[in-house]
Amino acid sequence: MPKYLVIVESPAKAETIKKFLGKNYEVVASNGHVRDLPKSQMGIDIEHDFEPKYITIRGKGELLAKLRKEVKKADKIYLATDPDREGEAISWHLFHALKLEKKNTSRITFNEITKNAVKASIKQARDIDMNLVDAQQARRVLDRMVGYSISPLLWAKVKRGLSAGRVQSVALRIICDREQEINEFVPEEYWNLEASFDLKGEKKPLVAKFYGTPEEKMTIHSEEELNHILKDLENANFSVSDVKVGERIKKAPIPFTTSTLQQEAAKTLNFSTQKTMRLAQQLYEGIAVKGKGTIGIITYLRTDSTRVSEEADLAAKKYVEESYGEEFVAKEDNNKKTGKKIQDAHEAIRPTYVELSPSQLKEDLSRDQFRLYQLIWRRFVASRMQPAKYQTTSVKIDGNGYRFTAAASKVIFDGFMTVYTTEEDKVEKTVLAKSIEKDTPLTLGKFEHSQHFTQPPAHYTEASLVKALEELGIGRPSTYAPTITTIIARRYVAKENKNLYVTELGEIVNQIMLEGFSSIVDVNFTANMEGLLDCVEDGTVQWKTVVRNFYPDLKEAVDIAEKELEKVDIEDEVTDVICEECGKNMVIKYGPHGKFLACPGFPDCRNTKQYFEKIGVPCPKCGKEVVIRKTKKGRKYYGCENNPECDFMTWQKPSREKCPECGNVLLEKGAKLVCSEEKCGFVKNK
1 MPKYLVIVES PAKAETIKKF LGKNYEVVAS NGHVRDLPKS QMGIDIEHDF
51 EPKYITIRGK GELLAKLRKE VKKADKIYLA TDPDREGEAI SWHLFHALKL
101 EKKNTSRITF NEITKNAVKA SIKQARDIDM NLVDAQQARR VLDRMVGYSI
151 SPLLWAKVKR GLSAGRVQSV ALRIICDREQ EINEFVPEEY WNLEASFDLK
201 GEKKPLVAKF YGTPEEKMTI HSEEELNHIL KDLENANFSV SDVKVGERIK
251 KAPIPFTTST LQQEAAKTLN FSTQKTMRLA QQLYEGIAVK GKGTIGIITY
301 LRTDSTRVSE EADLAAKKYV EESYGEEFVA KEDNNKKTGK KIQDAHEAIR
351 PTYVELSPSQ LKEDLSRDQF RLYQLIWRRF VASRMQPAKY QTTSVKIDGN
401 GYRFTAAASK VIFDGFMTVY TTEEDKVEKT VLAKSIEKDT PLTLGKFEHS
451 QHFTQPPAHY TEASLVKALE ELGIGRPSTY APTITTIIAR RYVAKENKNL
501 YVTELGEIVN QIMLEGFSSI VDVNFTANME GLLDCVEDGT VQWKTVVRNF
551 YPDLKEAVDI AEKELEKVDI EDEVTDVICE ECGKNMVIKY GPHGKFLACP
601 GFPDCRNTKQ YFEKIGVPCP KCGKEVVIRK TKKGRKYYGC ENNPECDFMT
651 WQKPSREKCP ECGNVLLEKG AKLVCSEEKC GFVKNK
């Protein structure tokens with residue numbers, strides 16, 4: 001009998017697949033990549049048309065020797081790495097590292113690790129797709145050229161092992177730009193006004209919100225405007241000018257892609273992008289299920305497609321009909337049509353066996369695996385269901401030239417919401433009296449009003465950053481999690497209570513990148529580069545053409561930056577702080593957490609201290625100096641040097657000036673000074 005060898009990436013995947021194939025199949029794992037560019041140098045031969053110099057990854061020699069022994073025994077070899085660019089590249093590297101040129105070798109891919117899918121893939125075996133490999137090579141070479149050209153310059157300027165990256169530097173810039181927007185945001189005052197009306201025969205009053213006039217919507221900007229409106233309404237007669245009863249539908253969600261899964265898991269389960277991907281990988285590669293052995297319970301986790309196979313679609317609709325009734329089954333396809341290029345060989349992320357409900361698998365999964373599987377399962381089942389239906393009622397109330405409105409909606413058919421709801425689906429239940437009709441006279445009960453201020457844009461979270469990267473076309477499903485993980489690990493960004501904040505170090509690195517390498521951190525440039533990599537995958541552009549066009553501009557920017565750096569005197573800044581151990585004046589140095597004080601007598605004297613930069617502003621509480629401080633995770637704030645005795649702190653930079661109206665400190669917000677007491681609302685130009 002012939003002997004077959006199947007090579008996959010992970011031991012868990014090997015274990016799962018082995019159960020589906022006969023005794024003639026040996027399934028082994030490569031444990032990811034076996035060859036890569038060397039860490040000690042750029043590893044790209046620029047003189048010889050950017051040829052990459054691949055070497056065996058350290059520690060993989062023994063594993064490759066074992067794989068070669070298995071190759072010798074086999075009559076046919078199947079390379080079964082993941083079904084994406086990176087998986088294709090791993091297969092190509094294995095082909096060369098194991099010298100498979102003279103062996104009967106084929107490439108197989110499957111979107112789910114099930115018996116049917118694995119067996120079907122062997123029948124559809126093919127050659128390695130060099131377009132996919134070249135798209136991955138192009139990405140790797142571009143990233144390496146950026147990282148290894150710019151990182152030494154950051155090291156020279158900031159003096160520590162920092163790094164730049166083609167995608168990570170753009171992600172950092174996006175966060176820095178948002179931080180600047182927040183810092184420069186000036187709140188604007190507005191007032192809400194509500195009126196409650198009594199209806200004959202109704203116990204509960206009807207509460208309506210101020211809209212404006214029948215002709216246009218109005219915003220109440222100040223207390224003076226509010227008082228003017230209230231004066232006009234003092235003796236007004238109110239009546240219902242219009243009642244509309246309608247119906248609206250809320251469409252079922254589409255199944256998850258990598259990006260939407262990361263966003264939803266972050267919002268509802270509080271998972272980091274990295275954790276979501278790790279758990280999804282486990283669910284994809286195989287879980288030991290009682291009575292079924294080890295099986296993959298979700299499809300491939302790196303995808304930007306919402307397509308679902310016909311087989312899976314029919315199985316889900318059958319499940320919905322049996323579990324909830326025929327009226328709940330979707331009549332049309334819920335796949336989202338998109339103009340963007342998507343890796344449509346893939347499907348959306350879905351359960352491989354829809355009949356395996358989360359409750360059935362609860363004992364076989366860890367708590368977090370269960371929660372993620374439940375999210376994926378519910379979303380997929382909901383995507384094959386009918387829309388939810390609401391009955392809506394809107395009421396317009398007029399009096400003395402002004403209009404108030406009241407609205408209510410109630411669910412009349414749950415549809416997909418029987419299975420899956422998000423925060424947005426949870427509608428507050430407002431019930432309007434059935435007796436309300438046009439021209440119903442109303443008796444005014446009372447007015448209620450409240451002062452508010454517009455809020456700055458929200459800080460990015462991992463979920464909203466992934467959404468922004470996807471919308472801007474930066475990176476691909478496999479890159480979102482590693483990009484975010486890298487900028488947090490480098491301490492360019494601190495994560496506190498889900499929010500991402502730029503650290504002092506992040507600000508410095510972003511500033512250098514903007515000054516020296518504006519095109520690298522340009523959002524459109526990076527998105528266009530992703531488009532070119534897609535063209536390489538399609539076979540319409542050669543990968544070396546992309547690299548040849550990119551390199552000269554990078555080299556020019558690096559050469560200019562190097563000359564500029566030569567002009568920068570990067571001697572240590574001497575301070576007036578005396579080292580208590582040897583009496584020398586301490587100097588400012590940069591470390592992985594930003595600036596710190598160190599003794600210039602190193603290595604004889606190793607004394608170091610926290611460095612607090614003074615901003616030249618006296619503390620409004622005790623008169624001592626205000627200094628720049630950092631939270632444990634590196635987020636910058638302003639506090640008194642006399643902390644903890646004095647508890648003054650603010651996230652915005654305080655100025656020396658006091659508010660002329662209320663006496664509180666004024667804060668710097670871009671080109672304006674704003675009172676720190678929000679209710680005061682005083683603003684002036686710097």
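Residue 21 in full-length UniProt numbering sits at position 21 of the sequence shown, and the numbers go up by one each step. We treat Cβ as the ideally placed atom computed from N, Cα and C, and that holds for glycine.
Nearest candidate by alpha-carbon position, reference leucine 63, set Gly87, Glu515, Glu9, Ile108:
As a working mapping, residue 63 is identified with position 63 in the sequence shown. Of the candidates Gly87, Glu515, Glu9, Ile108, the residue whose Cα lies closest to the Cα of leucine 63 is Glu9.
Cut-off 8 Å between Cβ atoms - residues of its own chain near cysteine 582, not counting five sequence neighbours on either side:
By 1-based counting over the sequence shown, the position of residue 582 is 582. Cys599, Gly601, Asp604, Cys605, Asn607, listed in sequence order.
Per DSSP, glutamate 189 forms a beta bridge with which residues?
Here residue 189 is taken as the residue at index 189 of the sequence shown, counted from 1. Its beta-bridge partners are Phe453.
Between glutamate 504 and lysine 614, which are expected to be in contact by the criterion C-beta below 8 Å, what is the C-beta distance as a whole number of angstroms?
Sequence index remark: in the sequence shown, residue 504 carries index 504 (1-based). Sequence index remark: in the sequence shown, residue 614 carries index 614 (1-based). At roughly 15 Å, the Cβ-Cβ gap does not stay under 8 Å, so glutamate 504 and lysine 614 are not in contact.
Using a Cβ-Cβ cutoff of less than 6 Å, which residues in the same chain neighbour valine 320 once the five nearest sequence positions on both sides are dropped?
By one-based count along the sequence shown, residue 320 stands at place 320. Closer than 6 Å at Cβ, skipping near neighbours: Phe328, Val329, Arg384, Met385.
Residues near proline 52 by beta carbon distance below 7 Å, same chain, minus five either side:
Locating residue 52 in the sequence shown gives position 52, where the first residue counts as 1. In chain order, Leu37, Gly43, Ile44, Gln137, Val141 place their CB closer than 7 Å to the CB of proline 52, counting only its own chain and leaving out the 5 sequence neighbours on each side.
Whole-angstrom C-beta distance between lysine 209 and glutamate 194, which should lie under 8 Å:
In the sequence shown, counting from the first residue as 1, residue 194 sits at position 194. In the sequence shown, counting from the first residue as 1, residue 209 sits at position 209. Yes, glutamate 194 and lysine 209 are in contact; Cβ-Cβ is about 6 Å, under 8 Å.
Return helix, strand or coil for leucine 673, following the three-state DSSP convention.
Counting from one through the sequence shown, the residue named residue 673 turns up at place 673. DSSP places leucine 673 in the strand class (E or B) of the three-state scheme.
Contact the region 392 to 411 vs the region 241 to 248: 3+ CB pairs below 8 Å
Yes, they touch.
For the region 112 to 124 against the region 13 to 21, do three or more pairs of beta-carbon atoms, one drawn from each stretch, fall closer than 8 Å, so that the two count as touching?
Taking 8 Å as the limit for Cβ pairs, the verdict is that the region 13 to 21 does touch the region 112 to 124.
Glycine 286: buried (16+ other C-beta within 10 angstroms of its C-beta) or exposed?
Along the sequence shown, read from residue 1 onward, the residue named residue 286 stands at position 286. Glycine 286 is classed as buried because its beta carbon has at least 16 other beta carbons within 10 Å across all chains shown.
Give the single residue among Phe525, Glu181, Ile229, Asp198 whose Cα lies nearest to the Cα of histidine 449.
Counted from its first residue, the sequence shown places residue 449 at position 449. Looking only at Phe525, Glu181, Ile229, Asp198, the smallest Cα-Cα distance to histidine 449 is reached by Ile229.
Taking the DSSP output, what are the residues bridged to phenylalanine 413?
Counted from its first residue, the sequence shown places residue 413 at position 413. Beta-bridge pairing by DSSP links phenylalanine 413 to Lys389.
Measuring straight from C-alpha to C-alpha, what distance separates leucine 67 and histidine 96?
For the purposes of this step, residue 67 is taken as residue 67 along the sequence shown, with counting starting at 1. For the purposes of this step, residue 96 is taken as residue 96 along the sequence shown, with counting starting at 1. Rounded to whole angstroms, leucine 67 to histidine 96 spans 12 Å at the Cα level.
DSSP three-state assignment for asparagine 510, whether helix, strand or coil:
Position 510 of the sequence shown, counted from the start, is the residue given in the question as residue 510. Asparagine 510: helix per DSSP, three-state reduction.
Following the continuous alpha helix (DSSP H) through proline 11, name the residue where it begins and the one where it ends.
By 1-based counting over the sequence shown, the position of residue 11 is 11. That run of the alpha helix (DSSP H) goes 11 to 18.
Near glutamate 507, which residues of its chain fall below 7 Å by C-beta distance, leaving aside the five closest residues on each side in sequence?
Residue 507 sits at position 507 when you count from the first residue of the sequence shown. By the criterion of a C-beta distance shorter than 7 Å, glutamate 507 is surrounded in its chain by Cys176, once the five residues flanking it on both sides are discounted.
Nearest to asparagine 24 by alpha carbon, out of Tyr284, Lys3, Glu423?
For the purposes of this step, residue 24 is taken as residue 24 along the sequence shown, with counting starting at 1. Of the listed residues, the one whose Cα sits closest to asparagine 24 is Lys3.
Among Cys675, Leu667, Glu668, which residue has its Cα nearest to the Cα of glutamate 661?
As a position in the sequence shown, residue 661 is number 661, starting the count at 1. Considering only alpha carbons, the answer is Cys675.
As assigned by DSSP and simplified to three states, the class of residue 726
Lying before the first or after the last residue shown, residue 726 is absent from the chain, which here runs from 1 to 686.
Thinking just about the alpha-carbon of each residue, which of Leu666, Pro253, Arg302, Lys251 is nearest to the one in threonine 273?
Working through the sequence shown from its first residue, we reach residue 273 at position 273. Considering only alpha carbons, the answer is Arg302.
Under 7 Å: does the beta carbon of glutamate 188 sit that close to some heavy atom of the ligand ATP?
The ligand ATP is not part of this structure, which contains no ligands at all.
Continuous beta strand (DSSP E) assignments of at least 3 residues falling wholly in the region 101 to 155:
Correct list: 105 to 107.
Hey, threonine 575 and leucine 597: beta-carbon distance below 8 Å or not?
Residue mapping note: residue 575 aligns to position 575 of the sequence shown, counting from 1. Residue mapping note: residue 597 aligns to position 597 of the sequence shown, counting from 1. Going by C-beta atoms, threonine 575 is nearer than 8 Å to leucine 597.
The alpha helix (DSSP H) with arginine 178 in it runs from where to where?
Locating residue 178 in the sequence shown gives position 178, where the first residue counts as 1. Counting along the chain, the alpha helix (DSSP H) containing arginine 178 begins and ends at 168 to 184.
Whose C-beta lies closer than 7 Å to the C-beta of glutamine 343 among residues of the same chain, with five residues either side of it excluded?
Position 343 of the sequence shown, counted from the start, is the residue given in the question as residue 343. Low per-residue confidence applies at glutamine 343: pLDDT is 44, beneath 50, and the placement is therefore not dependable enough to give any value.
Report buried or exposed for glutamine 168, applying the criterion of at least 16 other Cβ atoms within 10 angstroms of its Cβ.
Counting from one through the sequence shown, the residue named residue 168 turns up at place 168. By the 10 Å Cβ count, glutamine 168 comes out buried.
Using 10 angstroms around the beta-carbon of histidine 93, count the other beta-carbons present and answer buried if the total reaches 16, otherwise exposed.
Position 93 of the sequence shown, counted from the start, is the residue given in the question as residue 93. Looking at its Cβ environment, which holds 16 or more other Cβ atoms inside 10 Å, histidine 93 is buried.
Closest by C-alpha distance to alanine 164, when choosing among Asn183, Ile174, Arg144
As a position in the sequence shown, residue 164 is number 164, starting the count at 1. Distance check between alanine 164 and each of Asn183, Ile174, Arg144 places Arg144 closest, using alpha-carbon atoms only.
What whole-angstrom Cβ distance do lysine 684 and lysine 672 have, given they're in contact under 8 Å?
For the purposes of this step, residue 684 is taken as residue 684 along the sequence shown, with counting starting at 1. For the purposes of this step, residue 672 is taken as residue 672 along the sequence shown, with counting starting at 1. By a beta-carbon distance limit of 8 Å, lysine 684 contacts lysine 672. Their separation comes to about 7 Å.
Going by C-alpha to C-alpha distance, which of Ile520, Val207, Ile628, Val170 sits closest to alanine 407?
Here residue 407 refers to the residue found at position 407 when the sequence shown is read from its first residue. Closest option to alanine 407, Cα to Cα, is Val207.
Can the beta-carbon of isoleucine 349 be found closer than 8 Å to that of isoleucine 298?
Residue mapping note: residue 349 aligns to position 349 of the sequence shown, counting from 1. Residue mapping note: residue 298 aligns to position 298 of the sequence shown, counting from 1. Yes; because the gap between Cβ atoms is below 8 Å, this pair is in contact.
Alpha carbon to alpha carbon, how far is isoleucine 487 from tyrosine 211?
Numbered from its first residue, the sequence shown carries residue 487 at position 487. Numbered from its first residue, the sequence shown carries residue 211 at position 211. Isoleucine 487 and tyrosine 211: Cα-Cα distance of roughly 45 Å.
Start and end residues, beta strand (DSSP E) containing glycine 87:
One-based indexing of the sequence shown puts residue 87 at position 87. It is not in any beta strand (DSSP E) - glycine 87 instead sits in the alpha helix (DSSP H) that spans 85 to 97.
Give the C-beta separation of phenylalanine 238 and phenylalanine 185 to the nearest angstrom, bearing in mind that I take them to be a contact with Cβ-Cβ under 8 Å.
As a position in the sequence shown, residue 238 is number 238, starting the count at 1. As a position in the sequence shown, residue 185 is number 185, starting the count at 1. Contact between phenylalanine 238 and phenylalanine 185 is absent: CB atoms are separated by about 38 Å, not below the 8 Å threshold.
Can you check whether the CB of valine 170 is closer than 8 Å to the CB of valine 509?
Residue numbering aside, residue 509 sits at position 509 when the sequence shown is read from its first letter. Residue numbering aside, residue 170 sits at position 170 when the sequence shown is read from its first letter. Their beta carbons are not under 8 Å apart, which means valine 509 does not touch valine 170 by this criterion.
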